[in-house]
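This report refers to the structure that appears directly beneath it.
In full-length UniProt numbering, the protein residues as written are 1 to 393.
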């Protein structure tokens, strides 16, 4: 999993595939589960609104049945219940329209309300002369829509199915006539079986969706992660940079780019071998990562070159941070076998202009970094516009 600093916690090891719980069909990682729910909700909002519209139309179509079968106080109760029913559906539609991410909570809550109001209307109409099959099968329909079709979480799915089973048997056991009672008992058993099958299918589909999401997430992480150091690779850096630039424009905040290149790294490989060089790169990535704050991104751009995105920082603030990064590298001592390696770094800093691309900003930071190398290495140079100026060490 990537932490808030863009670091992949498994470094150069194979990135594991997150496993959803077999009972709740949820990831143990809350961040990953939140991302899954957000994606799932976004793709089902229109479906949910269409379902609510159909239920609302069905609710209106049943009003003549109330007028034909009920009178007096019971008719008034039925009208009140249908009014509450309609208000609940409209409220759910408005909530999802304003808060799409809440669909996985709003949908099962709506299903719970539909089940309870359907049960209440069934008892208002009376159980003596109605069909046991029709009275119980309506809860199978509710389950088909709110357990199987619409998205929900594992806990809500189990809870809603339990409520539907209780409602089914409340109607079935309410049939006091011997003939109707036997028919209602069989209908209750059949609807219970259907509800449990719907629960099993919905749960299996949810688990499969989680596995599919986890596999896709793993591929994305692997494609945006440097396998040696565990930090973002060049592609991951550019993806993070585009997102950071978008936020910076919306919030009208500064954004700076830091380019850090290890001095004389080729000599480390030549003297000690590539295994020691790899350990140096991992150690540098680790100390740089540990200095970053939420929202900042570290990446290995290639070879011994690292890039850092610092959102919300002016050029002057980024200069101080770059000095801190340089100091961390200078203080690092890498021991690998008999080899003891110390490194320094040349650092370039550039403020990202709103109208320029990431390549342009990196190009100016690169100029600053080469100016630092020309000045004797182990120092920082900040690019102001197209010119590079020294920063006191």
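For every residue, glycine included, the Cβ atom is placed at its ideal position computed from N, Cα and C.
Is it buried or exposed, residue i, if we count other Cβ atoms within 10 angstroms and call 16 or more buried?
i	result
residue 138	buried
residue 236	buried
residue 16	exposed
residue 210	buried
residue 270	exposed
residue 272	buried
residue 253	exposed
residue 123	exposed
residue 264	exposed
In the structure shown, what three-state DSSP assignment does residue i receive?
i	result
residue 24	coil
residue 16	coil
residue 294	coil
residue 225	strand
residue 392	Per-residue confidence for residue 392 stands at a pLDDT of 44, beneath the threshold of 50, marking its modelled position as unreliable; the derived number appears in the next sentence. Reduced to three states, the DSSP call for residue 392 is coil.
residue 377	coil
residue 255	strand
residue 261	strand
residue 302	strand
residue 108	helix
residue 307	strand
residue 336	strand
residue 192	helix
residue 230	coil
residue 382	strand
residue 11	Its pLDDT being 40, under 50, residue 11 is placed unreliably by the model, and the measurement read from it follows with that caveat. Three-state result, residue 11: coil.
Starting from the Cα of residue i, find the closest Cα among the options and give me that residue.
i	options	result
residue 244	289, 188, 310 and 41	310
residue 232	256, 290, 272 and 299	299
residue 251	312, 119, 83 and 340	312
residue 322	257, 275 and 57	257
residue 88	122, 220, 100 and 52	52
residue 91	63, 106 and 266	106
residue 67	125, 55 and 361	125
residue 142	103, 192, 128 and 101	192
residue 296	30, 255 and 32	255
Query raised in the report: For the 8 Å Cβ check, are there 3 or more pairs between the stretch 104–111 and the stretch 143–162?
Result: yes
Query raised in the report: Quick one: any contact between the stretch 73–87 and the stretch 127–134, if contact means 3 or more CB pairs under 8 Å?
Result: no
Requested in this report: Indicate whether the contact test is met: 3 or more Cβ pairs, each with one atom in the stretch 41–54 and one in the stretch 96–110, closer than 8 Å.
Outcome: yes
Query - Meets three-Cβ-pair contact criterion under 8 Å: the stretch 268–285 and the stretch 307–325 - result: no
Query raised in the report: What are the start and end residues of each continuous alpha helix (DSSP H) run of 4 or more residues lying completely inside the stretch 51–131, in chain order?
Result: Within the stretch 51–131, the complete alpha helix (DSSP H) segments at least 4 residues long are 63–69, 73–98 and 103–125, listed from N- to C-terminus.
Query raised in the report: Does the stretch 161–175 touch the stretch 192–207, meaning 3 or more C-beta pairs lie closer than 8 Å?
Result: Taking a cut-off of 8 Å on C-beta distances, the stretch 192–207 touches the stretch 161–175, as three or more cross pairs fall below it.
Query raised in the report: Would the stretch 345–359 and the stretch 374–382 be scored as touching if the rule is three or more Cβ pairs under 8 Å?
Result: yes
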